[in-house]
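Single-structure report; data block below.
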Amino acid sequence: MNLLVILPILIPLAAGALSLLGRHSQRVQGALAVIGSIALVISAVALLLATWEQGHIVSELGSWPAPFGIVLVSDLLAAIMVLLSAVTGAATAFYSLGTISIAHRKAGYFPLMHLLLAGVNGAFLTGDIFNLYVWFEVMLVASFSLLILGGERAQMEGAVKYVTLNLVSSALFLSAIGLLYGLVGTLNMADIAVKLGEVDTGMTTVIAMLFMVAFGIKAAAFPFFFWLPASYHTPQVAVSALFAGLLTKVGVYALFRVFTLIFGMDDPLIHQVLLWGAGLTMVTGVLGAAAQFEFRRILSFHIVSQIGYMMMGLALASVSVLALAGGIFYIIHHIIVKANLFFVSGLVYRLRGSYELKQLGGQYRDKPWLALLFLIPALSLAGMPPLSGFFGKFIVIRGGVEAGAWALVAAALVVGLLTLYSMTKIWAEVFWKAAPEPAAAPASGSNTLLYATVAGLALITVAIGVAAQPVLVLAMATAEQLLDPTRYITAVLGGAP
Amino acid sequence: MTSLMALVVGVLYAAAIYMMLRRSIVKLVIGLVLLSNAANLLIFTAAGLHRDAPPLVPDDAQVPAGLVADPLAQALILTAIVIGFGVLAFAVVLIRRAYEVVEADDMNQMRDTDT
Chain A
464 MNLLVILPIL IPLAAGALSL LGRHSQRVQG ALAVIGSIAL VISAVALLLA
514 TWEQGHIVSE LGSWPAPFGI VLVSDLLAAI MVLLSAVTGA ATAFYSLGTI
564 SIAHRKAGYF PLMHLLLAGV NGAFLTGDIF NLYVWFEVML VASFSLLILG
614 GERAQMEGAV KYVTLNLVSS ALFLSAIGLL YGLVGTLNMA DIAVKLGEVD
664 TGMTTVIAML FMVAFGIKAA AFPFFFWLPA SYHTPQVAVS ALFAGLLTKV
714 GVYALFRVFT LIFGMDDPLI HQVLLWGAGL TMVTGVLGAA AQFEFRRILS
764 FHIVSQIGYM MMGLALASVS VLALAGGIFY IIHHIIVKAN LFFVSGLVYR
814 LRGSYELKQL GGQYRDKPWL ALLFLIPALS LAGMPPLSGF FGKFIVIRGG
864 VEAGAWALVA AALVVGLLTL YSMTKIWAEV FWKAAPEPAA APASGSNTLL
914 YATVAGLALI TVAIGVAAQP VLVLAMATAE QLLDPTRYIT AVLGGAP
Chain B
1092 MTSLMALVVG VLYAAAIYMM LRRSIVKLVI GLVLLSNAAN LLIFTAAGLH
1142 RDAPPLVPDD AQVPAGLVAD PLAQALILTA IVIGFGVLAF AVVLIRRAYE
1192 VVEADDMNQM RDTDT
């Protein structure tokens, strides 16, 4: 048992359980949200540092030796993802304290938020494919409930699509696990990787494609992304931000994990499907965003488009280490920036009472600092130097050039330009043009906490941009670790597999 | 036996997809129920079927005699059934609420958030 690996799951679980017990006391819930999320950040930092120093950290649950028991494995990718989820979770917790109404708190907002984080961290850390499914479901059930908290019509309509497509994805995932288990007779991912190398049937490709579709739906990749822009703009904005930052990235993480460790990229079919998927995801996402005039819907479509960059990194992994490192860098940058943009949209909503670009305006005159806080993540998303997005795009595209994937490189560049178009559209409509009407009275309550959250995330964005070199070193180390699955396998199974 | 089960699994998947393509949200949920059951049966079949061979070890032996059914697959299915049950309970409540809010059992009336 290694406590470091378990804490990122245990802390939010405990915080969720305690805050469910104390759901009648606002003070208890608030304190638990703050303490729980800060403790989670600390434990995630400790985990990343330990993983950086020691390599893979493996914990066998119940002391059942691998491959018979369930293992938790922390490699660099998992540790980075846990840290990102902790940071997003902390930001959401602080933002929620300022925005979530008493009624929603009484309906169990905070326990659900903690449980969602527990599910996400569990999915990142598990080394067992069926356990991954279980964590996915923990995460999904929490996200279903958060999505419909409030019960408005739009939320119900969005939730029907969200729930249906995610359940279909889970069923496909489960089918793939069943077929895989029938083929190799094990569930431990490291053991699967070993045993799958020994069998040689067409079944492997079938299973790989089932995983690809299942995780593609979760990651909102083309052509499975329709649930995302139909639902992400409907819940409370703190929920939107948390989902936008984390949930699709769990799908991306699963793709990274399964297609580097278990299947490998040497199968030309997998390679081609990922390449096309990456390109089409980028392009359709950004075109969808160009057609939208609602703040959060524009951002939702951009999530889809950005997923394409991460998939591009993965698709080119077999040819260029740099591309995979770029994909990882992109995930780091994207989670922070995207959550922050949703937080900004929530602030604008509190000030002017709308998400429709047509009804907004004049924010630059009213709140120049808010305009600045929007510009930092927005320009970062579009890839302006010296912000984090520039380096993310630059490394992925550099990897694409190395790999000679010219069509994909061209798509990535054009999509970057169109992202800038979308962001300037929001800038011009929300911040620059004169306010159309005297808006509804701003929501009551202090916004200081919300500004602090947004400013904190913006600072992280700037920091990633300024300190791009250390982050790139980390991403490169992660990519090299992913591309050498024997290290993962030896760490889990011991010397003799 | 395996081919019969394969047929059943296939029919269940087909029926699930057919139901999910209908416009009614009640049929949508029935489709989801069928889909999760199809996946469970698939695990059961893929893990190998052995008739009359419970995975029990005799008192005086270390390993079971002969081929036995794989208990792990059944444990997986049990877990998946429990999870599926919880999730579907949520889905049923969701469509009831959706029906109350939208006042129609028709997916075509639920397109406000799409455009």
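Residue numbers (the numbering used here), protein chains in the order written: chain A, 464 to 960; chain B, 1092 to 1206.
Backbone N, C-alpha and C define an ideal beta-carbon position, used for all residues, glycine too.
From this set, the options, which residue's C-alpha is nearest residue i's C-alpha?
i, options, result
"A/Pro471", "A/Ala866, A/Ile927, A/Val508 and A/Gly613", "A/Val508"
"B/Pro1155", "B/Ala1164, B/Asp1196 and B/Ala1144", "B/Ala1144"
"A/Leu842", "A/Ile889, A/Phe573 and A/Phe706", "A/Ile889"
"A/Val749", "A/Leu737, A/Pro731, A/Ala845 and A/Val662", "A/Ala845"
"B/Met1096", "B/His1141, B/Asp1203, B/Thr1204 and B/Asp1150", "B/His1141"
"A/Gly552", "A/Phe706, A/Leu820, A/Thr562 and A/Leu595", "A/Phe706"
"A/Ala752", "A/Val736, A/Gly665, A/Thr882 and A/Tyr812", "A/Thr882"
"A/Ile921", "A/Ile839, A/Ala788 and A/Glu900", "Note that residue 921 of chain A is Ala in the sequence shown, not Ile. Among A/Ile839, A/Ala788 and A/Glu900, the Cα nearest to that of A/Ala921 belongs to A/Ile839."
"B/Arg1114", "B/Thr1204, B/Asp1197 and B/Met1201", "B/Asp1197"
"A/Thr562", "A/Ala704, A/Asn651, A/Asn584 and A/Leu495", "A/Ala704"
"A/Leu575", "A/Val702, A/Ala868, A/Gln755 and A/Leu956", "A/Val702"
"A/Ala897", "A/Leu823, A/Leu610 and A/Gly641", "A/Leu823"
"A/Glu620", "B/Ser1094, B/Leu1103, B/Val1100 and B/Ile1116", "B/Ile1116"
"A/Ala926", "A/Pro848, A/Gly585 and A/Asn584", "A/Pro848"
"A/Leu643", "A/Ser632, A/Leu659, A/Leu628 and A/Ser633", "A/Leu659"
"A/Leu937", "A/Ile794, A/Tyr951 and A/Val877", "A/Ile794"
"A/Gly582", "A/Val800, A/Leu732 and A/Ile469", "A/Ile469"
"A/Leu578", "A/Leu476, A/Gln944, A/Ser851 and A/Ala940", "A/Leu476"
With DSSP run on the structure shown, which of helix, strand or coil describes residue i?
i, result
"A/Asn465", "coil"
"A/Ile520", "strand"
"A/Glu600", "helix"
"A/Asp538", "coil"
"A/Thr589", "strand"
"A/Glu819", "strand"
"A/Asn651", "strand"
"A/Glu661", "helix"
"A/Ala959", "Residue placement at A/Ala959 is flagged as unreliable, the pLDDT there being 43, under the threshold of 50; the coordinate-derived value follows with that caveat. DSSP places A/Ala959 in coil when its eight states are reduced to three."
"A/Glu757", "strand"
"A/Met847", "coil"
"B/Ala1195", "coil"
"A/Lys830", "coil"
"A/Trp690", "helix"
"A/Arg950", "helix"
"A/Phe854", "helix"
"A/His487", "coil"
"B/Arg1113", "coil"
"A/Glu865", "helix"
"B/Ala1152", "coil"
"A/Val700", "helix"
Here's the rule: buried if 16 or more other CB atoms are within 10 angstroms of the residue's CB, otherwise exposed. What is residue i?
i, result
"B/Tyr1109", "exposed"
"A/Phe726", "buried"
"A/Asp591", "buried"
"A/Phe687", "buried"
"A/Ala959", "Annotation note: pLDDT 43 at A/Ala959 (below 50); position unreliable, no value reported."
"A/Thr667", "buried"
"A/Phe531", "exposed"
"A/Arg828", "exposed"
"B/Met1092", "exposed"
"A/Arg568", "buried"
"A/Ala542", "buried"
"A/Leu724", "buried"
"A/Gln932", "exposed"
"A/Thr649", "buried"
"A/Ser606", "buried"
"A/Thr627", "buried"
"B/Arg1187", "exposed"
Find the residues of chain B that neighbour residue i, judging by a C-beta separation of less than 8 Å, and give them in chain order.
i, result
"A/Ala617", "Asp1203 and Thr1204"
"A/Val604", "Gly1177, Val1178 and Phe1181"
"A/Phe764", "Those within 8 Å of A/Phe764 in chain B number zero; the least Cβ separation is about 12 Å."
Run through chain A and tell me which residues come within less than 9 Å of residue i, C-beta to C-beta.
i, result
"B/Gly1157", "Within chain A, no residue comes near B/Gly1157; the closest Cβ sits about 17 Å away, beyond 9 Å."
"B/Ser1127", "Leu630, Ser633, Ala634 and Leu637"
How would you list, in chain order, the residues of chain A whose beta-carbon sits under 8 Å from the beta-carbon of residue i?
i, result
"B/Val1193", "Arg616, Met619 and Glu620"
"B/Val1116", "Residue identity check: residue 1116 of chain B is Ile in the sequence provided, not Val. Here the neighbours are Val623."
Show which residues of chain E have a CB atom less than 7 Å away from the CB atom of residue i.
i, result
"A/Glu600", "The chain labelled as chain E is not found among the protein chains of the depicted structure, namely A and B."
Just to confirm, does residue i get its C-beta within under 6 Å of one of the non-hydrogen atoms of the ligand COA?
i, result
"A/Gly846", "For the structure depicted, the ligand COA is absent and the ligand set is empty, with no information on it obtainable."
Could you tell me which chain B residues have their CB closer than 7 Å to the CB of residue i, listed as they occur along the chain?
i, result
"A/Val626", "Ala1182 and Leu1185"
Residue i touches chain B at which residues, Cβ-Cβ below 9 Å?
i, result
"A/Tyr644", "Ile1134, Ala1137, Ala1138, Asp1161, Leu1163, Ala1164 and Leu1167"
Going along the stretch 667-698 of chain A in order, which residues come within less than 9 Å of chain B, judged by CB to CB distance? Phe689, Pro692, Ala693, Ser694, His696 and Thr697
Which residues, taken in chain order from the stretch 778-792 of chain A, show a beta carbon closer than 8 Å to some beta carbon of chain B? none
When Cβ atoms are compared, which residues of the stretch 1093-1104 of chain B fall closer than 7 Å to chain A? none
Short of 9 Å Cβ to Cβ, which residues in the stretch 577-600 of chain A face chain B? Phe593, Tyr596, Val597 and Glu600
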